[in-house]
Amino acid sequence: MSKLDEQIKLLEWKDLGDERGNLVVVEGNRDIPFAIRRIFYIYGSDDTVVRGQHANRNSEFVMINVCGTSKVRVDNGSESRIIELNRPRMGLYLKNNVWKDMYDFSPDSILLVLASEHYDESEYIRDYGEYLKYLKEFKE
Ligand code: TYD
């Protein structure tokens, strides 16, 4: 198992829907590995923009395209992978210290993000060179 496989997880939740429509439930510490302190969502982005481009020292995330599709490129300094978020029952869990780029948003994309921490700009690393340096220090 690669290190990245321990840092990211693809999650799939049940559909509790019936003839009235679909219902997906995500409970903190039950359906995802952390208690939810914050949610935010990204929409109105398209296939020309790249968002994210950062790593977080403390926050863990679960990303869900509740509508439409997008791609997430994850990177831990030595391995990278591209995940397509393309259904509302699918979530991508990211541990802290994983670099992420979100891109290729469909016009109807609504990317919902659940986070383990309140917003704190000081835990963001927004420069990839700095991220690699931080990982090196972190290991020592
Ligand atoms: P940014 O981190 O660039 O968003 P993304 O990860 O989607 O690329 O955030 C854009 C702006 O919004 C930036 O000024 C920080 C602010 N922001 C908050 O105030 N709180 C939040 O929870 C988030 C995610 C961003």
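Numbering that gives the first Met the number 0 puts the first residue of the sequence shown at 0, with every later residue one more than the last. Every residue gets a Cβ at the ideal spot worked out from N, C-alpha and C, and that includes glycine. Predicted model only: the values in this text are computed from it and were never measured.
Check whether the Cβ of Y92 lies closer than 8 Å to any heavy atom of the ligand TYD, and answer yes or no. no
Would you tell me roughly how many angstroms separate the C-alpha atoms of Y130 and A114, rounded to the nearest one? 20 Å
Return the Cβ separation of L22 and L15 in integer angstroms, given the expectation that the two are a contact with Cβ distance under 8 Å. 4 Å
Pick from Y92, I109, R36: whose alpha carbon is nearest that of W12? Out of Y92, I109, R36, Y92 has the C-alpha closest to the C-alpha of W12.
Entirely enclosed alpha helix (DSSP H) segments - the stretch 62-101, minimum 4 residues: none
Examine the ligand TYD and report whether any of its heavy atoms sits within less than 8 Å of the Cβ of E120. yes
Nearest-angstrom Cα distance between I41 and D100? 13 Å
Between the CA atoms of E116 and N75 - distance to the nearest angstrom: 20 Å
Which residue from R88, D17, N85, V97 puts its Cα closest to that of K2? V97
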